[in-house]
Structures are given as structure tokens and as C-alpha cells.
Amino acid sequence: KNQVEQSPQSLIILEGKNCTLQCNYTVSPFSNLRWYKQDTGRGPVSLTIMTFSENTKSNGRYTATLDADTKQSSLHITASQLSDSASYICVVSAMKTSYDKVIFGPGTSLSVIP
Amino acid sequence: DAGITQSPRHKVTETGTPVTLRCHQTENHRYMYWYRQDPGHGLRLIHYSYGVKDTDKGEVSDGYSVSRSKTEDFLLTLESATSSQTSVYFCAISVGLAVANTGELFFGEGSRLTVL
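Quick note, the sequences are listed as chains A and B, same order.
The first sequence begins at 1 in the working numbering and counts up one residue at a time.
The second sequence begins at 115 in the working numbering and counts up one residue at a time.
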């Protein structure tokens with residue numbers, strides 16, 4: 001069964017600290033993995049996208065890693081800011097198959113406090 | 115901003131009534147999608163469209179229908195709303211090819227529907 005799991009479910013960190021969010025997937029055959037940020041009451045916004053051949057991708061203070069062998073990805077946030085408070089969603093796509101192979105994870109809710 | 119507008123943004127309705135949600139885009143993208151988002155679940159695809167009058171079902175299509183008579187508008191209809199359809203609904207478009215082929219997804223702001 002195609003699945004995307006994320007951990008932790010929620011996380012609270014102090015402003016300025018770093019954190020790492022995890023994503024494990026069983027989607028096959030793998031095409032790409034994306035991380036989205038979703039602010040409360042808003043639609044998700046793409047942060048990074050990685051294909052099979054990429055094992056790291058950065059977008060400012062956000063760095064995503066991908067281990068296609070273990071089917072794991074992480075999103076590292078450096079020097080967190082209050083505006084980083086959001087839900088972070090891992091999305092995995094299968095290679096050239098029907099639309100229902102795009103699997104969204106349940107998200108990790110991050111709260112950055114002063 | 116991919117020029118996606120959803121309406122209404124909030125709606126409260128009663129069980130058994132019909133509801134239509136509208137998604138409007140300004141950039142003539144071919145692919146449009148309707149998702150629902152519920153606590154503890156990832157976004158789930160309801161229906162999608164790959165052109166005018168060309169639509170297909172997603173993984174949670176029961177109880178929903180869609181129509182696309184113009185490139186810019188994709189309508190989601192609940193013929194007889196039920197409490198299980200209380201959710202936040204997101205419209206999305208993909209730029210380039212379909213999502214499964216690395217096309218980028220852009221989402222609207224969401225429509226919160228409450229069915230009493």
C-alpha cells in the first residue's frame with residue numbers, strides 16, 4: 001500500500017533553534033518527493049522538490065534530504081523564526097502513473113515560540 | 115500566486131442540501147484538481163480535470179461531482195451534503211505536465227465547509 005508517514009506529529013521549538021522533520025514513504029515506483037509549507041488557514045506552498053537522483057535540496061533556511069534506498073526524507077529548518085510556525089507536508093509522487101499515486105503525508109505541525 | 119480563487123471561502127449548510135464550490139484560475143492551466151483536507155489525513159484527491167469537459171475521479175469521489183465548461187472554472191458539487199463532507203476543500207492547478215510527471219502544484223486558499 002502506498003503510504004507517507006511523518007514524524008513527529010507536532011513540535012514546539014524556541015525561536016532561533018534548529019529542527020528536523022521526518023518523512024518515510026512506501027510509494028513505488030518513486031518519481032519525486034516534495035515538501036510543502038501550509039500556514040494556518042492557507043493553501044500549501046511548495047518548498048522543495050527532489051527527484052530520485054537528488055539527495056539534498058535547499059531553499060533558504062530549509063534543507064531537504066532524500067535517501068531513496070531507505071525511502072526516507074528529512075526537512076531541516078535552520079535558525080527558526082516565528083513565521084516558520086506552520087504545518088509541513090511531505091508529498092511523494094509515483095513515476096508516470098495515474099493521479100491517485102500522488103500521496104500526501106498527514107503533516108507535522110511546527111510551533112516556534114519566542 | 116498562481117491566480118487561483120476559490121469561492122465561497124466559508125459555508126455552513128444543512129444535511130441534504132446541494133452545495134457548489136467554485137475554483138477560478140486566470141492563467142489557462144490545463145490541469146485542475148479538487149482535494150479535501152481533514153485532521154489526521156493527508157490531502158486526498160476528489161476529482162481532477164485535464165481539459166474542458168474532461169474530468170476523472172480521484173480516490174474519494176463518492177458523493178461529489180465536478181464540471182469544467184471553461185478552462186478557467188472548475189466546479190465541485192455536493193448533490194446532497196452529509197456531515198462526513200464537512201472539510202476544507204482545496205483547488206489546485208499543476209503547471210507544466212501532470213503532477214506525477216513533476217509538474218508543480220499550486221493551491222488555492224481553501225473553502226471551509228460545515229455540514230450540520
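Virtual Cβ for every residue (Gly too), placed ideally from N, Cα, C.
Please state the DSSP three-state secondary structure of residue i.
i       : result
S31(A)  : strand
L21(A)  : strand
S198(B) : helix
K1(A)   : coil
K101(A) : helix
H161(B) : strand
V229(B) : strand
S175(B) : coil
S179(A) : No statement about residue 179(A) is possible, as the shown extent of chain A runs from 1 to 114 and does not include it.
T56(A)  : strand
H138(B) : strand
T129(B) : coil
E42(A)  : Glu is not the amino acid found at residue 42(A); the sequence shown has Arg there. If DSSP states are grouped into helix, strand and coil, R42(A) belongs with coil.
D152(B) : coil
K167(B) : coil
E193(B) : coil
L9(A)   : It is worth fixing the name first, because residue 9(A) is Gln in this sequence and not Leu. Coil at Q9(A), not helix or strand.
By a C-beta neighbour count over all protein chains shown, 10 Å radius and 16 as the cutoff for buried, is residue i buried or exposed?
i       : result
P44(A)  : buried
V79(A)  : The displayed chain sequence assigns Ala, not Val, to residue 79(A). Exposed, by the Cβ-count rule.
N32(A)  : buried
I113(A) : exposed
I12(A)  : exposed
G107(A) : buried
V166(B) : exposed
K37(A)  : buried
T56(A)  : exposed
D84(A)  : buried
R182(B) : buried
K101(A) : buried
H124(B) : exposed
F188(B) : buried
Applying a beta-carbon distance threshold of less than 9 angstroms, which residues of chain A neighbour residue i?
i       : result
F204(B) : G43 and P44
Round the Cβ separation of residue i and residue j to the nearest angstrom and send it over; I've been treating them as touching at under 8 angstroms.
i       : j       : result
G156(B) : F104(A) : 3 angstroms
G172(B) : Y164(B) : At roughly 12 angstroms, the Cβ-Cβ gap does not stay under 8 angstroms, so G172(B) and Y164(B) are not in contact.
S46(A)  : L219(B) : 7 angstroms
G177(B) : T196(B) : 7 angstroms
E128(B) : L230(B) : 5 angstroms
C137(B) : G224(B) : About 11 angstroms separates the two Cβ atoms, so there is no contact after all.
S73(A)  : L66(A)  : 5 angstroms
R42(A)  : V91(A)  : The Cβ separation is near 16 angstroms, so there is no contact.
L21(A)  : Y88(A)  : 5 angstroms
Against residue i, what residues of chain A qualify as contacts under a CB-to-CB distance less than 8 angstroms, listed in chain order?
i       : result
F221(B) : G43, P44 and V45
G224(B) : G41, R42 and G43
E232(B) : Only positions 115 to 230 of chain B appear in the structure, and residue 232(B) is not among them; the question remains open.
Who are the neighbours of residue i on chain A, taking C-beta pairs under 7 angstroms?
i       : result
H155(B) : P106
Counting only Cβ pairs nearer than 8 angstroms, list the residues of chain B close to residue i.
i       : result
S92(A)  : Just to set this straight, residue 92(A) is Val in the shown sequence, not Ser. Near V92(A) there are no residues of chain B at all, since even the closest Cβ is about 10 angstroms away, more than 8 angstroms.
I103(A) : G156
Please list, in chain order, the chain B residues whose beta carbon lies closer than 9 angstroms to that of residue i.
i      : result
V27(A) : The contacting residues do not exist; V27(A) stays about 11 angstroms from chain B at best.
Name, please, each residue of chain B whose Cβ falls closer than 7 angstroms to the Cβ of residue i.
i     : result
V4(A) : G156
_I'd like the ranges of any alpha helix (DSSP H) spanning at least 4 consecutive residues and lying wholly in the stretch 62-97 of chain A._
DSSP assignment within the stretch 62-97 of chain A yields no whole alpha helix (DSSP H) run of 4 residues or more.
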